Amino acid sequence: MEETSIREDTDAYPDEWVKTQDLFKEKLVTVDDFTWKLNSCSLDSDPNVPLRFVGGSDISFLKEDPSIACAALVVLETGTLKIVHEEFDLVRLDVPYISGFLAFRESFMAFVLIFSRLLL
């Protein structure tokens, strides 16, 4: 697997990350207003809009070199738990850890690569 390097000018990160966090706060969903439901025998469940797929993502760093990580995305079909899609990528994160911004280093910087493949 080929390694992708993620390196940019880190001086602008904290200011930009604060702005991005503020934008995300405005879009925070605090109530369940989604139309899909888990398949169940519940009377309030709409059988016409079942949840078909669930996905998960994670990142794991090498013990020998914490700047190298493997980012993974897996999508399962809910009824069978069969894996219907998976993406993995080795990345080098030259972005420093900054307290309060872990998601920007570990999630955004690495997962933008694998999530963007879903759009292709």
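According to this note's numbering, the sequence shown is numbered sequentially starting from 1186.
Idealized CB from N, CA, C, for every residue including glycine.
Bear in mind the structure is a predicted one, so any value in this text is a computation, not a measurement.
Rounded to a whole number of angstroms, what is the C-alpha to C-alpha distance between residue i and residue j?
i     : j     : result
K1204 : S1284 : 16 Å
L1258 : E1291 : 13 Å
K1210 : V1276 : 28 Å
K1212 : Q1206 : 10 Å
I1191 : A1295 : Because the pLDDT of I1191 is 46, which lies under 50, any placement of that residue in the model is unreliable, and the number read from its coordinates should be weighed accordingly. Computed Cα separation, rounded: 8 Å.
D1218 : A1288 : 25 Å
A1256 : K1248 : 15 Å
Y1198 : L1208 : 15 Å
T1265 : F1238 : 10 Å
S1245 : V1216 : 31 Å
E1201 : D1243 : 24 Å
V1297 : S1252 : 17 Å
W1221 : G1241 : 18 Å
Just grab the DSSP bridge partners of residue i for me.
i     : result
A1257 : D1243, F1273
L1298 : DSSP, once it has assigned bridges, lists no residue as partnering L1298.
P1235 : K1222
I1175 : Not covered by the structure: residue 1175. The range shown for the chain is 1186 to 1305.
Buried or exposed for residue i, going by 16 or more other Cβ atoms inside 10 Å?
i     : result
D1274 : buried
L1278 : buried
V1214 : exposed
I1299 : buried
V1269 : exposed
V1280 : buried
What whole-angstrom Cβ distance do residue i and residue j have, given they're in contact under 8 Å?
i     : j     : result
E1272 : R1302 : 6 Å
For residue i, is the beta carbon positioned less than 7 Å from some heavy atom of the ligand NAP?
i     : result
C1255 : This structure does not include the ligand NAP; it has no bound ligands of any sort.
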